[in-house]
Amino acid sequence: MASSQSYELLENGELAGDGDELALEELEEVTLAPNVKREFLESTQTTKRWPESGWRSLEDVRERWSTRLRPFCNLWTTCIILGVMLIVVLLLLVIKGFAGSYPQEDVLQYIDPLIGTGPGGHVFAGPTLPFGMAKPVADVRGEHMGGFASDRTPILGFSHLHDSGTGGSPSMGNLPIFLHPECSNINACRFSKGLRDTNYIPESVASRVGYFSIELVSGLRAEMAASERAALYRFSFTNATDLNPVILADGSDLPGSNGPRSLWKLEGVNWDDAYAAIVKDAEEQPKNWDVEGRGALDSWKNLGYIPYRDSTPGGLRTRSVSRTYEYAYNDFCIAEMANATNRREDYAKYTQRAGNWKNLIDWDLESMGFKGFPQPRLANSTFVFQNATLCSDLNNFDGCYLNPSGHETYEGSPWLYLFYVPHDMAGLVASLGGREAYLSRLHTLHNSGVLYMGDEQAFLTAFLYHYGGRPGLSAKETHRYIPSMFNDTIEGIPGNDDSGATGTFVFFSMLGIFPNAGQSVYFIIPPFFPSVSIKSSQTGKTATIRNVNFDPSYEKVYIQSARLNGRDYRKNWIDHSFFLEGGMLEFVLGTEESEWGTRDEDLPPSKSTGLFLGL
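Going by numbering that gives the first Met the number 0, the residue at position 201 of the sequence shown is 200; the numbering climbs one at a time, nothing skipped.
Right, here's the structure in full:
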């Protein structure tokens, strides 16, 4: 990656200064995707140097390695023979690998990294490897997390570290480089970020797996690729000039260091240590609980909810409603772990605390014809009014973000948080008056404008019809949101992608198996494809989900019947063992809802119905 050095590109293609050696070393050692490597190297075979970029050619690389090999060989001829033999062996291995490992069709051609780079998406559009450190891309003003945005904002530079979709205050765009194609008076060059931003040509943007390029109106063309930890750039100049370009490299050197807790040689999980850490987080309040751990734990344990404006020092004193609902689900997960490890007392305690969500429902509060919504509550049990639609598309949408006046529900309304009881939806259904009353509310949530589907809190609600015995409506709502909100345009990811959260919602929805996180529960709807197959990395077995009469027009989205490994299957959910053990799950589809998955015994498990471990 770029250092703090400044480089000058000479007319003969050399980089003046220490950077010349650095560029060669990075080119020799970097590992690129085959298609990107081919594109970069093909252009070197026609000329000894790239006059427009300063990168070394293949002839230079060969000469360099020849010089390195000579001291290790007594006979240079012998080295040549051995080298030729080695190259032949490597070529045979590469050819064999390509023939045996790569499909006939290049599936990567269907990936468009620019999806979601519209305003506010913050999606990273540049090249990177899975879990790779290097993420080079062009930086536009105000989009440092993802770097580039398809909104024609001027380019500030090219940097190497980014995140995807996290939004928030800009904190990436580290160590940017920037090139001035012309700068006859170096003292008058626009060096600062505030002055050097330059417009780009919209139709010049090209982004695909492993490669990103863009052209600025100044005549600079930038191309980039990445290995796991290195970014590779090539700059060329479309406007002929006799002037020497100037390269700016912002930043400073940082000596290498290792973290205090290396993950090297870490094998497996110590479940006793893991459980102790989880319980400590649930029972002991850290000093600065706005950053880590749980806050207001004394109130949680004594009152059974987080009070409005809790007096505990430290941390942000907002979001009491959403934190109460979150803590209830957290304690349910601890109870399940306690049960699995035979900790009976802990199991009983955390199971009881998992029902604390009920303590914040004010049954007298009315909204849109329904009574009973979560409300802030004082330590003396008095409810404090918050409009049930606050922080929704209908009422002050961004009023509940992480800010000092963020209200008591985080990034969502009381209408939304009412449905966040993923461990005991049967209990919620009963509290609201049964299936029909529950389904009526859920329908209003999805069709009144009070729900914004572009944030994580809303994802599960698309599948909550399963708990009301109407899995067909979950399929219907999913097909409404995809593609109306989630699609293949630059605005096709609503809001921030949040490190892949919205993309994951689409992924599982289109597979037809949406997980209830933290549980061995996957809600079933028909896949968006004729069939999907998932191979377990643990067992090597493959689970296949198939639509017998797939309808590409998506008129038939309702399951009429299902068969698992040839036998009738009535449940509207499936557990994780299906993916570990493999098998075939098949659906017959129709244009109307059916009786499939509607019986009480067909519904997903809930805490209050005794279907979880130990209940």
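C-beta: ideal position from N, C-alpha, C; glycine also.
Quick caveat, the model's predicted, so the values are computed rather than measured.
Where residue i falls: helix, strand or coil (DSSP)
{"i": "His414", "result": "In the sequence on display, residue 414 carries Trp and not His. Trp414: helix per DSSP, three-state reduction."}
{"i": "Val505", "result": "helix"}
{"i": "Asp567", "result": "strand"}
{"i": "His422", "result": "coil"}
{"i": "Leu359", "result": "helix"}
{"i": "Gly467", "result": "helix"}
{"i": "Lys534", "result": "strand"}
{"i": "Tyr451", "result": "coil"}
{"i": "Met583", "result": "strand"}
{"i": "Phe130", "result": "coil"}
{"i": "Lys540", "result": "coil"}
{"i": "Val83", "result": "Below a pLDDT of 50, predicted positions are generally treated as unreliable, and Val83, at 37, falls in that range; the measurement from the model is reported next regardless. Residue state, collapsed to three classes: helix."}
{"i": "Trp270", "result": "helix"}
{"i": "Glu554", "result": "coil"}
{"i": "Ala205", "result": "strand"}
{"i": "Val139", "result": "strand"}
{"i": "Asn394", "result": "strand"}
{"i": "Arg352", "result": "helix"}
{"i": "Tyr304", "result": "coil"}
{"i": "Leu178", "result": "strand"}
{"i": "Pro529", "result": "coil"}
{"i": "Thr197", "result": "strand"}
{"i": "Ser473", "result": "helix"}
{"i": "Ile185", "result": "helix"}
{"i": "Phe513", "result": "strand"}
Where residue i falls, given that 16 or more other Cβ within 10 Å makes a residue buried
{"i": "Arg598", "result": "exposed"}
{"i": "Val420", "result": "buried"}
{"i": "Leu472", "result": "buried"}
{"i": "His575", "result": "exposed"}
{"i": "Tyr553", "result": "exposed"}
{"i": "Gly468", "result": "buried"}
{"i": "Gly99", "result": "Below a pLDDT of 50, predicted positions are generally treated as unreliable, and Gly99, at 47, falls in that range; the measurement from the model is reported next regardless. Per the 10 Å Cβ criterion, exposed."}
{"i": "Asp567", "result": "exposed"}
{"i": "Trp362", "result": "exposed"}
{"i": "Asn338", "result": "buried"}
{"i": "Thr350", "result": "buried"}
{"i": "Tyr232", "result": "buried"}
Same chain, Cβ closer than 7 Å to residue i, five either side skipped, listed in chain order
{"i": "Thr388", "result": "Ser366, Asn394, Ser412, Trp414, Val449"}
{"i": "Ala500", "result": "Glu455"}
{"i": "Asp496", "result": "Gly115, Gly120, His121, Val122, Ser163, Gly164, Gly502"}
{"i": "Asp487", "result": "Asp111, Ile114"}
{"i": "Leu377", "result": "Pro306, Tyr307, Val383"}
{"i": "Leu359", "result": "Tyr304, Val320, Thr323, Pro373, Gln374, Arg376"}
{"i": "Gly517", "result": "Cys332"}
Minimum C-alpha distance to residue i - residue among the options
{"i": "Glu476", "options": "Thr503, Asp487, Gly468, Asn446", "result": "Asn446"}
{"i": "Asp272", "options": "Glu222, Glu214, Asp297, Met336", "result": "Met336"}
{"i": "Tyr346", "options": "Asp309, Gly596, Val278", "result": "Val278"}
{"i": "Tyr304", "options": "Asn355, Arg318, Ala334, Ala275", "result": "Asn355"}
{"i": "Tyr466", "options": "Leu302, Gly117, Lys570", "result": "Lys570"}
{"i": "Ile489", "options": "Glu104, Asp150, Asp138, Arg440", "result": "Asp150"}
{"i": "Pro603", "options": "Thr538, Phe522, Leu265, Val556", "result": "Phe522"}
{"i": "Thr340", "options": "Asn269, Asp487, Lys286", "result": "Asn269"}
{"i": "Thr197", "options": "Asp487, Gly156, Thr237, Ser168", "result": "Gly156"}
{"i": "Asn173", "options": "Cys188, Ala230, Arg189", "result": "Ala230"}
{"i": "Phe234", "options": "Ser203, Gly209, Leu178", "result": "Leu178"}
Beta-carbon proximity list for residue i, same chain, < 6 Å, skipping 5 on both sides
{"i": "Ala425", "result": "Ser605, Ser607, Thr608"}
{"i": "Glu227", "result": "Leu128, Gly131"}
{"i": "Gly146", "result": "Val136, Asp138, His161"}
{"i": "Asp601", "result": "Arg569, Lys570, Asn571"}
{"i": "Gly596", "result": "Pro470, Asn571"}
{"i": "Glu592", "result": "Gly471, Tyr557"}
{"i": "Tyr480", "result": "Met452"}
Bridge partners - residue i, DSSP secondary structure assignment
{"i": "Arg151", "result": "DSSP output for Arg151 lists no bridge partner at all."}
{"i": "Asn402", "result": "Its beta-bridge partners do not exist; DSSP assigns none."}
{"i": "Ala622", "result": "Since the first and last residues shown for the chain are 0 and 614, residue 622 lies out of range."}
{"i": "Glu214", "result": "Arg220"}
{"i": "Gly164", "result": "DSSP output for Gly164 lists no bridge partner at all."}
{"i": "Ala230", "result": "Ala225"}
{"i": "Glu365", "result": "Lys370"}
{"i": "Trp572", "result": "Phe522"}
{"i": "Arg545", "result": "Ser530, Glu585"}
{"i": "Gly156", "result": "Asp138"}
{"i": "Arg440", "result": "Bridge partners of Arg440: none, in fact."}
{"i": "Ser483", "result": "Beta-bridge pairing links Ser483 to no other residue."}
{"i": "Phe236", "result": "Leu219"}
Contact set for residue i: own chain, Cβ-Cβ below 8 Å, skip 5 residues either direction
{"i": "Ser391", "result": "Gly411, Ser412, Trp414, Leu415, Gly448, Val449, Leu450, Tyr451"}
{"i": "Thr45", "result": "Any reading at Thr45 needs caution, since the residue's pLDDT is 39, under 50, leaving its predicted position unreliable; the model's value is listed next. If we look at Thr45 and ignore the five residues flanking it on each side, it has no Cβ neighbours."}
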